[in-house]
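J.: With positions in the sequence shown counted from 1, the corresponding number in our numbering is that position plus 156.
Ideal Cβ placement from N, Cα and C applies to all residues, glycine included.
Being a predicted model, the structure only gives us computed values, none of them experimental.
Below is one structure. I have some questions about it.
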Amino acid sequence: MKIGVIADTHDNMPMIAKAIDVFNSESCRFVIHAGDYCAPFSLNPFSKLKCKWIGVFGNNDGEKKGLAMKSNGLIVDHPFRYDLSDKKVMITHEIEDIEDLKDKIDKGEYHIVICAHTHKVDIRKEKNTLIVNPGECGGWLYGKSTVAIIDLEKLEAKEIAL
């Protein structure tokens, strides 16, 4: 099963639409957003997504109430643990949360940890835990718009440039 991962969209509507197209064309069965949508209108392209999705708030999501309402409660505070199929997934925005979760990662309590905030792609394994930062979909900081796709069965992920 393929899982789409997106973060740091920062209201970049054309890139958000491209990301949704990628997730649909890759037949993703689920999408996770690791925060920093910014305004509620940035959720509009998610209506074209052909699968379910969830997300967490980021540090630039000032309109939390509006985002929560627009997403019908699909966006929650981080860190947030979610069970996806038989995998335990921890979703956060802040990279600092990974250090706070280090003991649990070392003990293998999560199969996947998804993070964001740095705007830099980071895909790696720590012991048996896959850590995925999809980089920045918005592309505002480094000029490179990216998302990631996770193969849930293989516990592998790849970066996709938009």
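For I188, which beta-bridge partners are listed by DSSP?
T.: Working through the sequence shown from its first residue, we reach residue 188 at position 32. For I188, the beta-bridge partners assigned by DSSP are V161, I210.
J.: Let's see if you can read the secondary structure: which residues bound the alpha helix (DSSP H) around P290?
T.: The residue labelled residue 290 in the question sits at position 134 within the sequence shown. Where P290 is concerned, there is no enclosing alpha helix (DSSP H), although the beta strand (DSSP E) it sits in stretches over 285 to 290.
J.: Note down, one range per segment and in chain order, each alpha helix (DSSP H) of at least 4 residues found wholly within the region 206 to 258.
T.: Taking only runs of at least 4 residues, the alpha helix (DSSP H) segments lying wholly in the region 206 to 258 are 220 to 226, 252 to 256.
J.: Please say whether I172 and S203 have beta carbons closer to each other than 8 Å?
T.: Stepping through the sequence shown from its first residue, residue 203 is reached at position 47. Stepping through the sequence shown from its first residue, residue 172 is reached at position 16. Taking 8 Å as the Cβ cut-off, S203 and I172 do not qualify as a contacting pair.
J.: Could you please give me the residues that DSSP links to A175 through a beta bridge?
T.: If you number the sequence shown from 1, residue 175 lands on position 19. Note: A175 sits in no beta bridge, so no partner.
J.: Identify, in the order they occur along the chain, each residue of the same chain with its Cβ nearer than 7 Å to the Cβ of I279, setting aside the five sequence neighbours on each side.
T.: By one-based count along the sequence shown, residue 279 stands at place 123. Around I279: V288, A304, A313, E315.
J.: Near D217, what residues of its chain come up, given a Cβ to Cβ distance below 7 Å and the 5 sequence neighbours on each side ignored?
T.: Locating residue 217 in the sequence shown gives position 61, counting from the first residue. Closer than 7 Å at the Cβ level, and outside the excluded window around D217, lie G191, D192, Y193, C194, L223.
J.: Should S301 be labelled buried (16 or more other beta-carbon atoms within 10 Å of its own) or exposed?
T.: By 1-based counting over the sequence shown, the position of residue 301 is 145. Residue environment for S301: buried (at least 16 other C-beta atoms within 10 angstroms of its C-beta).
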